Amino acid sequence: MKFKSITGTRDILPEEQPYWRFIEKKLYDITTLYNYMRVDPPIFEETGLFLRGVGETTDIVEKEMYTFQDKGGNSLTLRPEFTAGIMRLYIENGFHTRPKPVKLFSVGPIFRYERPQAGRFRQHTQFNVEALGELDPLVDVEVMSIAWQLYKELGFSGIEFQLNSTGCPQCRPAYISKLTDYYRDHFDEICKDCQRRLDQNPLRLLDCKVETCQPFIENAPIIGEHLCEECQKHFTALKTYLDILQRPYKINHKLVRGLDYYTKTVFEVWARGIGSQSAMCGGGRYDGLVEQLGGPPTPGIGFGSGIERIILSMKEQNITPEPLPAPKVYIVHNGLEARHLALNIVFDLREEKIAAILGFGDRSFKSQLRDANRQDADFAVLIGEDEVKNNILTVKNLRTGEQKSVAGNELVTFF
RNA sequence: GUGGGUGUAGCUCAGUUGGUUAGAGCACCAGAUUGUGGCUCUGGAGGUCACGGGUUCAAUUCCCGCCACUCACCCCA
1 MKFKSITGTR
11 DILPEEQPYW
21 RFIEKKLYDI
31 TTLYNYMRVD
41 PPIFEETGLF
51 LRGVGETTDI
61 VEKEMYTFQD
71 KGGNSLTLRP
81 EFTAGIMRLY
91 IENGFHTRPK
101 PVKLFSVGPI
111 FRYERPQAGR
121 FRQHTQFNVE
131 ALGELDPLVD
141 VEVMSIAWQL
151 YKELGFSGIE
161 FQLNSTGCPQ
171 CRPAYISKLT
181 DYYRDHFDEI
191 CKDCQRRLDQ
201 NPLRLLDCKV
211 ETCQPFIENA
221 PIIGEHLCEE
231 CQKHFTALKT
241 YLDILQRPYK
251 INHKLVRGLD
261 YYTKTVFEVW
271 ARGIGSQSAM
281 CGGGRYDGLV
291 EQLGGPPTPG
301 IGFGSGIERI
311 ILSMKEQNIT
321 PEPLPAPKVY
331 IVHNGLEARH
341 LALNIVFDLR
351 EEKIAAILGF
361 GDRSFKSQLR
371 DANRQDADFA
381 VLIGEDEVKN
391 NILTVKNLRT
401 GEQKSVAGNE
411 LVTFF
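Under the numbering used here, the final residue of the first sequence carries the number 415; numbering is consecutive throughout.
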């Protein structure tokens, strides 16, 4: 029987690891700079948490969750996003007693049962940031700036936010009824998907890609013109702060997000090279979510960024991460006594924190040296009969071809 | 869930207008005066031509099914 990786999952091979290390290092550095604390909720939670947190009518809940029953008969779900789990963590651990805002980040796998395609997988990895307990739009800018600085330091140019406000429970219902009234007048002219959206997810009407629907989108009522005073004020302040910091953004009236919990600010960062997907990062404010999950009223804002999409986009823009360090020394040996000596040497070097590889098997000098070259070692230490007899080692610089004799007890200090 | 494309060596791909030993490049292993890599040359190993069925004297090639991969829609990081 031959086993294969599951549809929509992939192996991260050594060749791709430099990207991961590079990105991980950057996001640890940046979250430290901004004073965000790492939390790691479990990968699975009670199914009900996501039903309530993400929204029962969202696509994620309706058709994309990896839900299963454990042996105790509980319905569990592999997390399809981070936020709900973080909210649970916040409530369960009494984080509302900590100084506000509570600033958190997480990194880890996310699972959604979708048809895989370019830039989309059933298991992907997200970098997730949340700031809880503060309504001030200054927090919105700070959270957005984490994404901004990350992408900048990774080497991206031309980063720009797509920005919108989707209102709040005060003003959104009125807007939605305006929008649906407008669309009902054109019901026979819009595409099938839009006819369905009209009932199930009206905001998404604005996101339709079908050619014939575009004119209706252009003429649809704009949410920005229907915000309540508080949302309007928040949005204006946010834009001012973004201007001050010179973070490029584009107001996108059509930007809506698929999860139910968003209020006020929503934003995305778009990238090329990720197939027909556009967002490398998506997030927004969710001021009612903690309360909805049984916690105290707590505003919050956050985003998720897909690491796989970042990597795809880096490749598309020819951004190369710094390479992982190559091994320094390769120990080539021939003969039983040489083998015993080599064994000691390789571990001595490693104890001194010098990266060393030992040739294995009964292979010729030639074969071992070829291996040393292939593994990109800087030096080869050659140990054969002569070296054993005289307790002198031959050290060859594999970059220059230069060769030197070094006394056995001086080897460690040689490097 | 829906639609298009593709499945031949570890990887990237040729190829067979149906014919019995299925090819290349890269990678791998070994050798080119016996203890010296990278370049070059020579040789070697490696494939149930995704899987199942059908047509045929004969199928990797044609037909059907199935699975997988892939791209796109829905939706999303």
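Glycine included, each C-beta is placed from N, C-alpha and C at the ideal position. These numbers come from a predicted model, not from an experiment.
DSSP state of residue i mapped onto helix, strand, coil
{"i": "S177", "result": "helix"}
{"i": "L382", "result": "strand"}
{"i": "G370", "result": "It should be pointed out that residue 370 corresponds to Arg in this sequence rather than to Gly. It is helical."}
{"i": "V395", "result": "strand"}
{"i": "Y36", "result": "coil"}
{"i": "V266", "result": "strand"}
{"i": "I159", "result": "coil"}
{"i": "T166", "result": "coil"}
{"i": "K250", "result": "strand"}
{"i": "L358", "result": "strand"}
{"i": "E56", "result": "coil"}
{"i": "Q195", "result": "helix"}
{"i": "R272", "result": "coil"}
{"i": "E153", "result": "helix"}
{"i": "E410", "result": "helix"}
{"i": "E427", "result": "Any question about residue 427 goes unanswered here, given that the chain covers just 1 to 415."}
{"i": "E352", "result": "coil"}
{"i": "Q200", "result": "helix"}
{"i": "L27", "result": "helix"}
{"i": "L205", "result": "helix"}
{"i": "H186", "result": "coil"}
{"i": "P101", "result": "coil"}
{"i": "R10", "result": "coil"}
{"i": "E15", "result": "helix"}
{"i": "D136", "result": "coil"}
{"i": "N93", "result": "coil"}
{"i": "K389", "result": "helix"}
{"i": "F415", "result": "coil"}
{"i": "F22", "result": "helix"}
{"i": "S145", "result": "helix"}
Option in the options with minimal Cα separation from residue i
{"i": "V285", "options": "N164, N201, E189 and Y241", "result": "Before going on, a small fix: residue 285 reads as Arg here, not Val. The option with the nearest alpha carbon to R285 is N164."}
{"i": "R52", "options": "E402, G85, R399 and L398", "result": "G85"}
{"i": "T7", "options": "F161, P116, T32 and S364", "result": "P116"}
{"i": "M280", "options": "M144, L293, G294 and S313", "result": "S313"}
{"i": "E337", "options": "P14, T298, W20 and E387", "result": "E387"}
{"i": "Y262", "options": "S364, I217, L89 and G167", "result": "G167"}
{"i": "I222", "options": "F187, L238, Y175 and V395", "result": "Y175"}
{"i": "I311", "options": "A271, L104 and E45", "result": "A271"}
{"i": "K250", "options": "N318, P215, T236 and Q162", "result": "Q162"}
{"i": "N219", "options": "F414, T180 and Y90", "result": "T180"}
{"i": "L343", "options": "N334, N252, D362 and L358", "result": "L358"}
{"i": "K103", "options": "I110, L89 and L349", "result": "L89"}
{"i": "V107", "options": "E81, P14, V141 and N252", "result": "E81"}
{"i": "L49", "options": "R38, V39 and V61", "result": "V61"}
{"i": "G294", "options": "K233, T58, F347 and G94", "result": "G94"}
{"i": "D40", "options": "M87, K209 and L289", "result": "M87"}
{"i": "P296", "options": "E134, P109, R79 and I43", "result": "E134"}
{"i": "G335", "options": "A372, I23 and G384", "result": "G384"}
{"i": "K239", "options": "P109, F44 and S145", "result": "S145"}
{"i": "R122", "options": "T9, D378, Q403 and N252", "result": "T9"}
Residues bridged to residue i [DSSP beta-bridge criterion]
{"i": "N128", "result": "S106 and G304"}
{"i": "S405", "result": "T394"}
{"i": "S75", "result": "Q69"}
{"i": "R285", "result": "T263 and I301"}
{"i": "F419", "result": "Nothing about residue 419 can be reported from this structure: the residues present for the chain run from 1 to 415 only."}
{"i": "A279", "result": "W270"}
{"i": "F44", "result": "L78"}
{"i": "Q117", "result": "R120"}
Beta-carbon contacts of residue i that lie in its chain and below 8 Å, excluding the five residues immediately before and after
{"i": "Q170", "result": "C228, E230 and C231"}
{"i": "Y17", "result": "For the sequence presented, residue 17 should be read as Gln rather than Tyr. Closer than 8 Å at Cβ, skipping near neighbours: L324."}
{"i": "K26", "result": "L150, E153 and L154"}
{"i": "K63", "result": "Y113"}
Residues near residue i in its chain [Cβ-Cβ closer than 6 Å; skip 5 each side]
{"i": "A355", "result": "P327 and K328"}
{"i": "D287", "result": "T263 and P299"}
{"i": "N391", "result": "G408"}
{"i": "V210", "result": "C191"}
{"i": "V406", "result": "L393, V395 and F414"}
Nonlocal neighbours in the same chain, by C-beta distance under 7 Å from residue i, ignoring five residues either side
{"i": "G282", "result": "R257, E268, F303 and G304"}
{"i": "Q246", "result": "none"}
{"i": "Q69", "result": "S75"}
{"i": "E352", "result": "V412"}
Residue i beta carbon near the ligand GTP (any heavy atom closer than 7 Å)
{"i": "T125", "result": "Looking for the ligand GTP in the displayed structure turns up nothing, as the structure carries no ligands at all."}
Item to check | 4-residue-minimum alpha helix (DSSP H) runs that sit fully inside the region 287-342, ordered along the chain | outcome: Taken in chain order, the complete alpha helix (DSSP H) segments of 4 residues or longer contained in the region 287-342 are 289-292 and 307-316.
Checklist entry - Which full runs of the beta strand (DSSP E) of 3+ residues lie inside the region 211-257, going along the chain? => result Within the region 211-257, the complete beta strand (DSSP E) segments at least 3 residues long are 249-251, listed from N- to C-terminus.
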